[in-house]
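For the sequence shown, counting from 1, position 185 maps to 185 in full-length UniProt numbering; every step adds exactly one. Even glycine gets a Cβ: it sits at the ideal position worked out from N, Cα and C. Predicted, not measured: the structure shown is a model, and the values here were computed from it. Remarks on the structure that follows.
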Amino acid sequence: ELEEYAMAELGLKPEPCSNQVIHRDRYARLATALALLASSVEKFAVQVRHLQRTEVYEAEEYFAKGQKGSSAMPHKRNPILTENITGLARMIRAYAIPAMENVALWHERDISHSSTERFWLPDAFITTDFMLHRMNSVIANLTVMPENMMKNLNLTGGLVFSQRVLLELPLQGVSREDAYRIVQRNAMKVWEEIQKGKPTTNEKGESLYLQYLLGDEELRASLSEEQIRECFNFDYYTKNVDAIFKRVFK
């Protein structure tokens with residue numbers, strides 16, 4: 001009764017079946033939960049690191065005046081915070097191993113688990129907390145470069161819209177096989193032009209792929225100019241953003 005009373009005060013329930021100690025599968029489940037949480041945080045960190053690469057450069061960690069990115073190369077702006085988070089996530093995942101090893105204790109309980117738990121239990125919690133605070137700071141101070149995002153989207157001369165055209169053609173009665181052939185045929189022409197160094201847009205700002213599609217007689221027999229141009233609308237890909245945010249943060 002005393003146990004139930006004390007646990008209730010803490011909002012907890014007594015272990016239904018224990019021996020000298022609570023079975024260590026409980027702890028292992030906790031360790032794996034922390035490992036998964038750390039991995040999810042790392043997922044964001046890796047994305048920031050990728051976006052900060054010179055050849056991508058769509059976003060980067062905040063870089064303070066006078067901050068050093070490299071002791072040998074003064075020009076560098078390394079993503080040191082997210083690199084740090086990535087390394088810490090590896091440590092927290094590693095702590096799941098001793099937690100699993102502790103499940104099979106001898107008889108009702110030996111003391112082999114004690115030494116590992118003195119390390120991984122406090123360190124896993126403290127490190128996870130540190131990661132969360134650091135990632136929160138990274139996101140809050142993230143520098144985002146939409147101009148570079150648009151530049152990267154235009155690198156392939158509008159080929160990012162090929163799927164839209166592929167999906168639209170069958171709606172107009174074209175077979176999937178023929179639609180794929182038409183869309184791919186023009187896409188390969190664009191790749192060849194890009195390899196030759198041809199500009200990916202004309203003076204009107206029209207992408208190379210759009211130009212080829214508008215000039216394809218077989219395609220134009222099924223799609224009007226308006227329908228083709230609508231396939232190149234970026235807004236199509238963000239139309240559900242508000243709904244997704246509401247679903248996630250409700």
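Please look up how many angstroms separate the CB atoms of residue i and residue j, rounded, as I've assumed it's under 8 Å.
i	j	result
Val-138	Thr-54	Contact doesn't hold; Cβ gap of about 19 Å is too wide.
Val-183	Leu-171	Actually they do not touch by this definition, with Cβ atoms about 14 Å apart.
Leu-121	Arg-24	The pair is not a contact, with the Cβ atoms about 11 Å apart (cut-off 8 Å).
Thr-127	Leu-88	5 Å
Glu-3	Pro-14	5 Å
Val-56	Asn-152	7 Å
Cys-231	Glu-168	6 Å
Gly-173	Ser-222	7 Å
Arg-181	Tyr-236	Actually they are not in contact, since the Cβ atoms of Arg-181 and Tyr-236 sit about 23 Å apart, beyond 8 Å.
Met-149	Ile-85	Wrong, their Cβ atoms sit about 23 Å apart, outside the cutoff.
If you reduce the DSSP assignment to three classes, tell me which class residue i lands in.
i	result
Thr-143	strand
Glu-177	helix
Thr-156	coil
Ser-207	strand
Ala-59	strand
Thr-238	helix
Thr-201	strand
Asn-186	helix
Trp-120	helix
Gln-172	coil
Glu-1	coil
Asp-129	helix
Ile-111	coil
Phe-245	helix
Asn-136	helix
Ser-224	coil
Are the beta-carbon atoms of residue i and residue j separated by less than 8 Å?
i	j	result
Val-48	Pro-79	yes
Met-135	Ala-45	yes
residue 259	Val-21	The displayed coordinates of the chain run from 1 to 250. Any statement about residue 259 would go beyond what the structure contains.
Leu-77	Ala-38	The question names Leu, yet the displayed sequence has Arg at residue 77. Against a cut-off of 8 Å, the Cβ pair of Ala-38 and Arg-77 comes out as no contact.
Ile-194	Thr-201	no
residue 325	Ala-140	The structure shown does not extend to residue 325, since the chain is modelled only from 1 through 250, so no value can be given for it.
Subject >> Touching by the beta-carbon criterion (3+ pairs, under 8 Å), the stretch 86-102 and the stretch 24-32 >> reply: yes
Original post:
Three or more beta-carbon pairs under 8 Å between the stretch 153-161 and the stretch 204-211, yes or no?
Top reply: yes
Original post:
Taking one C-beta from the stretch 140-151 and one from the stretch 52-70 each time, how about it: are there three or more such pairs within less than 8 Å?
Top reply: yes
Subject >> Runs of alpha helix (DSSP H) wholly within the stretch 21-102 (minimum 4 residues, chain order) >> reply: 25-51, 80-101
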